[in-house]
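S.K.:
In the working numbering, the protein residues as written are 469 to 775.
#1: What is the DSSP secondary structure of residue 483, reduced to helix, strand or coil?
#2: According to DSSP, is residue 729 part of a helix, a strand, or is it coil?
#3: Would you check if the region 685 to 696 and the region 650 to 664 touch, i.e. whether three or more CB-CB distances between them fall below 8 Å?
#4: Confirm, please, whether the CB-CB distance from residue 589 to residue 597 is below 8 Å.
#5: Tell me whether the beta-carbon of residue 717 lies closer than 8 Å to the beta-carbon of residue 637.
#6: Rounded to whole angstroms, what is the Cα-Cα separation between residue 477 and residue 502?
#7: For residue 757, which of 741, 564 and 617 has the nearest alpha-carbon?
#8: Starting from the Cα of residue 771, find the closest Cα among 572, 515, 525 and 580 and give me that residue.
#9: With a floor of 4 residues, list each alpha helix (DSSP H) that falls wholly inside the region 603 to 682, ordered by position along the chain.
#10: Taking the CB atoms as reference points, tell me whether residue 740 and residue 678 lie closer together than 8 Å.
#11: Which residues does DSSP pair with residue 600 in a beta bridge?
#12: The alpha helix (DSSP H) that contains residue 509, what's its start and end?
#13: Buried or exposed, going by whether 16 or more other CB atoms sit within 10 Å of the CB of residue 631?
#14: Would the beta-carbon of residue 617 fall within 8 Å of that of residue 572?
#15: CB-CB under 7 Å to residue 494, same chain, minus the five flanking residues each way: which ones, in chain order?
#16: For residue 704, which three-state DSSP category applies?
#17: What number of angstroms, rounded off, separates the C-alpha of residue 509 from the C-alpha of residue 635?
#18: Please list, in chain order, all residues of the same chain as residue 633 whose beta carbon is under 7 Å from its beta carbon, the five residues on each side excluded.
#19: What do you reckon, are the CB atoms on residue 642 and residue 729 nearer than 8 Å?
#20: Under the criterion of a Cβ to heavy atom distance below 7 Å, does residue 544 qualify as lining the ligand NAD?
#21: Per DSSP, which one or two residues make a beta bridge with residue 686?
#22: At what residues does the alpha helix (DSSP H) containing residue 494 begin and finish?
#23: Using only alpha-carbon positions, find the residue among 515, 547, 666 and 707 that is nearest to residue 532.
#24: Give me the Cβ distance between residue 486 and residue 506, rounded to the nearest whole Å; I'm assuming they're in contact under 8 Å.
#25: Let me know the secondary structure DSSP gives residue 521 once reduced to three states.
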């Protein structure tokens, strides 16, 4: 492999990241133990080499340009990996440490991941966890995430994908609703029932309901008076209060089914599922805190498989 960077340029990149994080050449200089003029010269040389302005400068402040912000996120990730690789070689990373940033769908976070985090930190107390609960697809590089969990993740050669579970689906309703509207016996009966809808925020598309009919898969676009978006728990809450039928993941409503707040219907046509997948960037170096968390979650796959 040929050299792409001089020592001076690597130093300039590090000073650039310090200035971007601190929002000031003076603050970056104090952290690095050099003069503000040295920071300014280093960043000017870096801009000349790149052929692009990284900062907008005024007499009182600096701010990143759009190109500078993109370059900063990529450089910060690269420098973090260099530091962690060096620490591991020196033995400082024999125990996983540092901040772990995870993006998780709301329902999966509340019912699967959040309950496990205290156990994970008991095993690895030097790891801190920053968890982002949202159904929005994140940008790993730009937003600095280590891992994400997604439903029906699309193939991506830049990502390592590990299946956590195929989460089984179930149609539920409150006993009061069924007393008033009757209990559906066939899929055709859905036409005369209020079926609570869930809309994907990314596309605005309403999710089809999935069933098995004599061993064959079938999708139905159910109709109803209510539609939720972004948070599946909204549909569960509506169903518990008698708004109608709702198809959701069994693991979300296990407690309500057990205590009778909700009742499963159309069980002969159940059996369908959707996959939840753990994703993290493909690379030669994966921080030990990421490896530890991946291994930790994969231990629970057998427990979740029966849920």
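All C-beta atoms in this analysis are idealised placements derived from N, C-alpha and C, irrespective of residue type, glycine included.
M.R.: Inspection of the coordinates gives the following:
#1: Residue 483: helix per DSSP, three-state reduction.
#2: Of the three classes helix, strand and coil, the one that applies to residue 729 here is coil, per DSSP.
#3: Taking 8 Å as the limit for Cβ pairs, the verdict is that the region 685 to 696 does touch the region 650 to 664.
#4: Their beta carbons are under 8 Å apart, which means residue 597 touches residue 589 by this criterion.
#5: Yes. Within cutoff.
#6: Residue 477 and residue 502 have their C-alpha atoms some 16 Å from each other.
#7: For residue 757, the nearest C-alpha among the options comes from 564.
#8: Checking every option, the nearest Cα to that of residue 771 belongs to 580.
#9: Runs found: 608 to 611 and 643 to 649.
#10: Yes, they are a contact pair.
#11: 571, per the DSSP bridge assignment.
#12: Per DSSP, residue 509 belongs to the alpha helix (DSSP H) from 504 to 518.
#13: Residue 631 is classed as exposed because its beta carbon has fewer than 16 other beta carbons within 10 Å across all chains shown.
#14: Inclusion of residue 617 and residue 572 in the CB contact set at 8 Å is warranted, their separation being smaller than that value.
#15: When the five nearest sequence neighbours on each side are left out, the beta carbons in the same chain lying within less than 7 Å of the beta carbon of residue 494 are those of 504, in order along the chain.
#16: Helix, per DSSP.
#17: Residue 509 and residue 635 have their C-alpha atoms roughly 56 Å apart.
#18: For residue 633, same chain residues with a beta-carbon under 7 Å away, outside a window of 5 residues either side, are 744, 769, 772 and 773 in chain order.
#19: A contact, by the Cβ cut-off of 8 Å.
#20: Only the bare structure without any ligand can be found here, which leaves the ligand NAD out of the picture.
#21: According to DSSP, residue 686 bridges with 679.
#22: Taken as a continuous stretch (DSSP letters only), the alpha helix (DSSP H) holding residue 494 covers 493 to 500.
#23: Selected option, being the one with the closest Cα: 515.
#24: With a Cβ gap of about 12 Å, residue 486 and residue 506 do not count as contacting.
#25: Here residue 521 carries a coil assignment [DSSP, helix/strand/coil].
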